[in-house]
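Asks: Quick one: the structure is below, questions incoming.
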Amino acid sequence: MPLPPPLPGRHIAACLAACLGMAALLGGCTESQKTGSPPVASERGAQLFKVRCAPCHPDGGNVINPRKTLHGGVLADNGIASPSGIMNRMRNPGPGMTRFDQGTIPDSDARLIAEYILATYR
Ligand code: HEC
29 MPLPPPLPGR HIAACLAACL GMAALLGGCT ESQKTGSPPV ASERGAQLFK
79 VRCAPCHPDG GNVINPRKTL HGGVLADNGI ASPSGIMNRM RNPGPGMTRF
129 DQGTIPDSDA RLIAEYILAT YR
């Protein structure tokens with residue numbers, strides 16, 4: 029009876045560690061300590077996010093730069109803690125992200141998207 033092929037044990041262990049680390053990262057362990065009215069996920073904000081942002085940020089992730097997701101704890105670590113912080117990123121994106129100017133997404137819609145992100149991805 030032939031032996032089963034040797035398991036690539038070390039690889040699996042490394043992979044598991046990476047996945048667990050990622051899960052902890054994406055889980056977001058920081059509670060927002062800001063006071064004031066909490067952001068609301070509106071229907072329109074969700075729709076706009078789906079069309080404009082989800083191609084690169086599915087489920088609040090980031091398919092291009094996995095260290096720059098839209099989860100609350102990650103945003104906070106990267107200095108973004110408010111709707112205006114997110115809106116600012118749409119106007120002045122980092123490398124690899126599309127720029128969304130006033131003509132493409134007016135401030136009122138940009139704010140709905142930002143609030144949707146803050147309310148949805150924690
Ligand atoms: C073409 C792909 C792409 C699209 C479309 C896109 N993004 Fe990004 N986004 C990126 C990349 C790449 C980064 C990391 C850039 C950097 O280094 O700051 C990023 C970073 C961000 C960040 C900072 C995240 C962090 O943790 O620092 C925010 C906020 C953000 N995007 C919001 C949006 C919003 C809102 C939309 C839709 C209006 C959007 N993005 C659409 C690719 C994209």
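Every letter in the sequence shown is one number past the one before it in the numbering used here, and letter 48, counting from 1, is 76.
Even glycine gets a Cβ: it sits at the ideal position worked out from N, Cα and C.
Fair warning: this is a prediction, and the values are worked out from it, not measured in the lab.
1. Quick check: what's the CA-CA separation for E71 versus P30?
2. As a quick exercise: from A74, L76, P67, G122, pick the residue whose alpha carbon is nearest that of N90.
3. By a C-beta neighbour count over all protein chains shown, 10 Å radius and 16 as the cutoff for buried, is V102 buried or exposed?
4. Helix, strand or coil for P111 per DSSP?
5. Using 8 Å for Cβ pairs, my map puts G88 next to I141. What's the rounded Cβ distance?
6. Leaving out five residues before and five after N106 in sequence, what residues of the same chain have Cβ atoms less than 8 Å from its Cβ?
Replies: The answer reads as follows:
1. Per the coordinates, the alpha-carbon of E71 lies some 58 Å from the alpha-carbon of P30.
2. G122
3. buried
4. When DSSP states are grouped into helix, strand and coil, P111 belongs to the helix group.
5. Going by Cβ atoms, the distance from G88 to I141 rounds to 12 Å, so no, they are not a contact pair.
6. K96
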